[in-house]
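Residue numbers (the working numbering): 58 to 571.
No residue lacks a Cβ here, since even glycine has one placed at the ideal position from N, Cα and C.
Note that the coordinates shown come from a computational prediction; the quantities given were computed from them, not determined experimentally.
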Amino acid sequence: MNLEQILQEKFGHTEFRTGQKEIIQSVLEKRNVLAVLPTGAGKTLCYHFPSRLIDGMTIVVSPLLSLMEDQVHQLRAKGDKNVLQLNGMLTFEERKHVLNEINADTMLFLSPEMLANRKLLQRLASIKNGLFVVDEAHCISQWGHEFRTDYLRLKEVIKFLGNPSCLALTATATNKVEKDIIGQLEMDDPVIHRYSVNREHIKFFVHKAETKQLKLEYLKNCLKTLEKPAIIYAPTRSDTISLSRYIESLNAGLTAYYHGGMSKEDRLLVQHQFLNNELDIICATSAFGMGINKPDIRTVIHMHLPPSAEQFVQEAGRAGRDEAESAAVIIYTDEDKYIPLSFIDLEFPEEQELKVWLRTLKQLGQNNVSLPGDGEMSKILQAEEPQWKMLKFYLEKENIISGPVINERGISEQLFNKLNRQFSYRKLEKERKFEDMESLVQGKTCIRAGILRYFDEEKEAGIEKCCSACGLSINDVFSGNKNMQENRRLPIEQNGWKEELAQMLIGPKRRTIR
DNA sequence: CGTATATGGCGTACGCCATATACGGTGCCGTACT
């Protein structure tokens with residue numbers, strides 16, 4: 058039976074989309090695969106398909122619980138009952154149940170943090186493992202080094218599971234990020250399937266404003282001209298709130314805000330309203346977007362400069378998954394850079410700080426104190442919790458910390474120098490990425506060409522007037538979408554959201570959300 | 001960099017203004033409880 062027949066019989070599709078067949082073939086040949094496929098190209102099939110043919114369990118590492126929920130739900134809805142997930146939203150009993158259920162035919166979704174659990178790993182290793190998938194694999198590079206270091210432990214996990222073949226999937230990776238992913242997963246002799254990140258129907262616009270007020274003026278213009286639904290990205294949580302108030306005052310459409318500090322319920326509610334076309338505009342921090350599968354987002358506006366071109370392409374790429382004309386706008390001022398730069402600053406300790414931290418740890422070790430919990434420890438060091446967790450990861454790597462034991466003899470001048478050098482290097486890398494983003498918008502040349510160059514691609518000849526630098530104006534977009542406008546919006550039920558929320562929380566799927 | 005809160009001097013007992021300092025983003029987790 059050939060792959061097309063299987064596709065038809067088991068998955069109900071008549072043909073593969075670009076790249077899918079090649080990727081699936083490589084996976085079936087038991088190769089380690091890195092696939093860079095643009096947003097909306099059908100990544101799920103790339104592991105769903107082989108997981109049904111491969112001998113052994115398929116493990117899928119997913120960065121967000123909401124994303125995991127969605128995918129598991131969709132796959133199960135398609136009739137695949139042996140798709141399970143394991144995460145912190147499950148009760149103890151539910152977890153036990155999942156651990157009993159899993160077998161060599163299971164597809165199991167987990168977070169990288171879950172895979173740090175030794176007992177769980179032993180249970181997983183007791184089953185034959187066929188395929189190890191890392192979804193949204195750019196997270197390894199983007200988050201793994203500092204924010205979510207469990208991403209850097211995945212290589213040990215893969216070894217522990219008996220080296221199943223590995224498939225890393227992402228929509229945005231430069232050559233450098235590709236190398237980082239391959240290196241961090243220790244993928245042996247990998248096959249790389251890379252498809253262009255170019256999305257021709259997305260038109261790019263950059264506008265530099267002199268003041269904050271003028272930024273808002275330009276935004277007002279954009280909202281008059283550009284189509285909705287739209288996402289507006291802001292740099293801080295409070296900015297998302299003030300922006301949504303501003304837009305409401307303009308009567309520019311139904312608006313809500315979204316950021317990581319909101320409760321799970323509120324986030325879920327806003328997300329659902331946006332997906333159901335009950336909102337025109339969502340003002341959000343970078344927390345919003347990953348796994349948002351809404352095909353008809355017409356406009357993405359950035360009210361600041363994202364920290365990297367990768368992040369920009371990820372966020373702007375949420376527009377126009379349906380391949381209809383869409384707009385991506387950046388409105389910025391020179392002052393914008395201080396926020397991203399201060400975030401980078403915040404992530405890494407100062408030299409003096411690092412010295413004090415190591416000294417404190419050495420003292421704890423000398424007094425045979427066993428290592429306290431993360432919250433407690435960050436208090437002792439007067440560090441932010443993410444900072445301490447990052448340091449802990451690297452100290453574990455250097456065998457300074459093992460479990461609750463602090464091997465204080467290893468804490469030396471050399472160790473300080475090594476860590477300090479490493480942190481400085483990473484900090485510089487991040488600052489460079491931001492500078493690249495700055496030069497992307499400051500240049501006088503085609504923005505699309507700049508993006509493609511950044512991703513080591515050549516711009517294909519023949520795209521005229523593709524962005525503001527090529528002379529395109531925001532009034533020129535959306536001419537091609539005329540006939541698809543009117544039937545989009547549904548009437549809004551003013552009191553519907555409470556019932557809707559109750560539905561999401563209580564039944565019929567029984568989610569556990571606190 | 002801009003904004004919000006905290007401190008400090010004044011010169012008289014509470015309120016005012018000036019200046020100093022802190023903060024800003026992304027998520028998972030057998031779990032800290034108050």
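(Q) Would ASP572 and SER168 be called neighbours here (beta carbons separated by less than 9 Å)? (A) The structure shown does not extend to residue 572, since the chain is modelled only from 58 to 571, so the question has no answer here.
Q: Count the other C-beta atoms from every protein chain shown that fall within 10 angstroms of the C-beta of ARG545, then say buried if there are 16 or more, exposed otherwise.
A: Mapped onto the first sequence, residue 545 falls at position 488. Low local confidence applies: a pLDDT of 45 at ARG545 is under 50, so the model's placement there is unreliable, and no value is given.
Q | Paired residues, beta bridge with THR227 - DSSP | A | Your numbering for residue 227 matches position 170 in the first sequence. Paired residue(s): VAL93.
Q. In chain order, what residues of the same chain have a beta carbon less than 8 Å from the beta carbon of ARG375, not counting five sequence neighbours either side?
A. As a first step, residue 375 must be located in the first sequence, where it is residue number 318. Excluding sequence neighbours, ARG375 sits near THR96, ILE288, GLY346, ILE349, LYS351, ILE354 and VAL357.
Q. From this set, LEU141, VAL534 and GLU470, which residue's C-alpha is nearest LEU411's C-alpha?
A. Counting from one through the first sequence, the residue named residue 411 turns up at place 354. Of LEU141, VAL534 and GLU470, the smallest CA-CA separation from LEU411 is found for GLU470.
Q: Kindly indicate the opening and closing residues of the beta strand (DSSP E) around HIS250.
A: The residue labelled residue 250 in the question sits at position 193 within the first sequence. Here the beta strand (DSSP E) through HIS250 covers 248-251.
Q | Buried or exposed by the 16-neighbour rule on C-beta atoms within 10 Å, applied to HIS324 | A | On the first sequence, residue 324 is found 267 positions in, with the first residue counted as 1. The residue you asked about is not His; residue 324 is Arg in the sequence shown. So ARG324 ends up on the buried side.
Q) Can you list, in chain order, the stretches of the beta strand (DSSP E) that have 3 or more residues and sit fully within the segment 162-227? A) Within the segment 162-227, the runs of beta strand (DSSP E) at least 3 residues long that lie entirely inside it are, in chain order, 164-167, 186-191 and 222-227.
**Q.** Outcome for SER427 when other beta-carbon atoms lying within 10 angstroms are tallied against a minimum of 16
**A.** Looking up residue 427 in the first sequence gives position 370. By the 10 Å Cβ count, SER427 comes out exposed.
**Q.** DSSP-derived helix/strand/coil call for LYS78
**A.** The residue given as residue 78 occupies position 21 in the first sequence. In the structure shown, LYS78 sits in a helix (DSSP, three-state: H, G or I).
Q: Have a look at TYR303 and LYS490 and give me their C-alpha separation to the nearest angstrom.
A: Indexing the first sequence from 1 puts residue 303 at position 246. Indexing the first sequence from 1 puts residue 490 at position 433. Near 31 Å, if we compare the C-alpha coordinates of LYS490 and TYR303.
Q | Contact set for PRO461: own chain, Cβ-Cβ below 7 Å, skip 5 residues either direction | A | Within the first sequence, residue 461 is the residue found at index 404, counting from 1. Short of 7 Å from the beta carbon of PRO461, and not among the five residues preceding or following it, lie these beta carbons of its own chain, in chain order: SER427 and LEU428.
Q | C-alpha gap between LEU165 and ALA309, whole angstroms | A | Taking the first residue of the first sequence as 1, we reach residue 165 at position 108. Taking the first residue of the first sequence as 1, we reach residue 309 at position 252. Just so you know, the alpha carbons of LEU165 and ALA309 end up roughly 43 Å apart.
**Q.** CA-to-CA distance, GLU335 to ILE549, given in whole angstroms
**A.** Your numbering for residue 549 matches position 492 in the first sequence. Your numbering for residue 335 matches position 278 in the first sequence. Here the model assigns ILE549 a pLDDT of 39, short of 50, so the residue's position is not dependable and the matter cannot be decided.
**Q.** Spatial distance of ILE159 from MET146 (CA atoms)
**A.** Working through the first sequence from its first residue, we reach residue 159 at position 102. Working through the first sequence from its first residue, we reach residue 146 at position 89. Rounded to whole angstroms, ILE159 to MET146 spans 18 Å at the Cα level.
Q. Taking the C-alpha atoms as reference points, what is the distance between VAL382 and GLU521?
A. As a working mapping, residue 382 is identified with position 325 in the first sequence. As a working mapping, residue 521 is identified with position 464 in the first sequence. Contrary to the premise, residue 382 reads as Glu rather than Val in this sequence. Each residue's Cα considered, the two are about 15 Å apart.
Q: List the residues that DSSP assigns as beta-bridge partners of MET114.
A: Taking the first residue of the first sequence as 1, we reach residue 114 at position 57. Answer is ASN186, bridged to MET114.
**Q.** Closest by C-alpha distance to GLY467, when choosing among ILE457, LYS475 and LEU476
**A.** Numbered from 1 along the first sequence, position 410 holds the residue referred to as residue 467. Cα-wise, what sits closest to GLY467 is ILE457.
**Q.** Buried or exposed by the 16-neighbour rule on C-beta atoms within 10 Å, applied to ASP513
**A.** Here residue 513 refers to the residue found at position 456 when the first sequence is read from its first residue. In this structure ASP513 is exposed. Its beta-carbon is surrounded by fewer than 16 other beta-carbon atoms within 10 angstroms.
Q: Given a cut-off of 9 Å, decide if ILE388 and MET434 are closer than it, judged by their beta-carbon atoms.
A: Position 377 of the first sequence, counted from the first residue, corresponds to residue 434. Position 331 of the first sequence, counted from the first residue, corresponds to residue 388. No, the pair does not count as a contact, with Cβ atoms beyond the cut-off.
Q. So what does DSSP say about THR312, is it helix, strand or coil?
A. Position 255 of the first sequence, counted from the first residue, corresponds to residue 312. DSSP, read as helix, strand or coil, puts THR312 in strand.
Q. LEU143 lies in the beta strand (DSSP E); which residues open and close that run?
A. Here residue 143 refers to the residue found at position 86 when the first sequence is read from its first residue. Following the DSSP letters along the chain, one finds LEU143 inside the beta strand (DSSP E) bounded by residues 140-143.
Q: Could you name the residues of the same chain whose beta carbon sits closer than 7 Å to that of ASN139, not counting the 5 residues immediately before and after it, in chain order?
A: For the purposes of this step, residue 139 is identified with residue 82 of the first sequence, where counting begins at 1. Cβ within range, chain order: ASP162, THR163 and MET164.
Q: Determine the contact status of THR390 and THR268, defining contact as a CB-CB distance below 9 Å.
A: Position 333 of the first sequence holds residue 390. Position 211 of the first sequence holds residue 268. Closer than 9 Å, so yes.
Q. Would HIS250 pass as a contact of SER83 if the rule is Cβ separation under 9 Å?
A. Within the first sequence, residue 250 is the residue found at index 193, counting from 1. Within the first sequence, residue 83 is the residue found at index 26, counting from 1. Inclusion of HIS250 and SER83 in the CB contact set at 9 Å is warranted, their separation being smaller than that value.
Q | Reduced DSSP secondary structure (H/G/I, E/B, other) of HIS361 | A | Residue 361 sits at position 304 when you count from the first residue of the first sequence. Residue state for HIS361 is assigned as coil, using DSSP reduced to three classes.
(Q) Rounding to the nearest angstrom, what Cα-Cα distance links LEU452 and TYR482 in this structure? (A) Locating residue 452 in the first sequence gives position 395, where the first residue counts as 1. Locating residue 482 in the first sequence gives position 425, where the first residue counts as 1. Just so you know, the alpha carbons of LEU452 and TYR482 end up roughly 17 Å apart.
Q | Reduced DSSP secondary structure (H/G/I, E/B, other) of SER306 | A | Along the first sequence, one-based indexing puts residue 306 at 249. If DSSP states are grouped into helix, strand and coil, SER306 belongs with the helices.
Q: Indicate whether VAL117 and VAL214 have their beta-carbon atoms separated by less than 9 Å.
A: Within the first sequence, numbered from 1, the residue matching residue 117 stands at position 60. Within the first sequence, numbered from 1, the residue matching residue 214 stands at position 157. Cβ atoms of VAL117 and VAL214: not closer than 9 Å.
(Q) Once DSSP output is grouped into helix, strand and coil, what is the label at CYS103? (A) The residue labelled residue 103 in the question sits at position 46 within the first sequence. In the three-state reduction of the DSSP assignment, CYS103 falls in the helix class.
Q | Cβ separation of SER306 and TYR314, assumed to be a contact under 8 Å, to the nearest whole Å | A | By one-based count along the first sequence, residue 306 stands at place 249. By one-based count along the first sequence, residue 314 stands at place 257. With a Cβ gap of about 14 Å, SER306 and TYR314 do not count as contacting.
**Q.** Per-residue DSSP class, three states only, for GLY293
**A.** Counted from its first residue, the first sequence places residue 293 at position 236. For the record, residue 293 in the displayed sequence is Thr; it is not Gly. In the three-state reduction of the DSSP assignment, THR293 falls in the coil class, being assigned neither a helical nor a strand state.
Q: Below 8 Å on the Cβ atoms is my guess for PRO443 versus PHE204; work out the distance and round it to an integer in Å.
A: Residue numbering aside, residue 443 sits at position 386 when the first sequence is read from its first letter. Residue numbering aside, residue 204 sits at position 147 when the first sequence is read from its first letter. Contact check for PRO443 and PHE204: beta-carbon distance about 6 Å, within the 8 Å limit, so the pair qualifies.
(Q) Applying the 10 Å Cβ sphere with the 16-neighbour rule, what's the burial state of GLU543? (A) Numbered from 1 along the first sequence, position 486 holds the residue referred to as residue 543. Residue confidence is low: GLU543 scores 46 on pLDDT, short of 50, so the model does not pin down where it sits. No coordinate-derived value is stated.
**Q.** Proximity below 9 Å, CB of GLN241 to CB of LEU280
**A.** Taking the first residue of the first sequence as position 1, residue 241 is located at position 184. Taking the first residue of the first sequence as position 1, residue 280 is located at position 223. No, the Cβ-Cβ distance between GLN241 and LEU280 is not below 9 Å.
Q) Do you know how far the Cα of LEU509 is from the Cα of HIS202? A) To locate residue 202, count along the first sequence from 1; it is residue 145. To locate residue 509, count along the first sequence from 1; it is residue 452. When only Cα atoms are considered, HIS202 and LEU509 end up about 25 Å apart.
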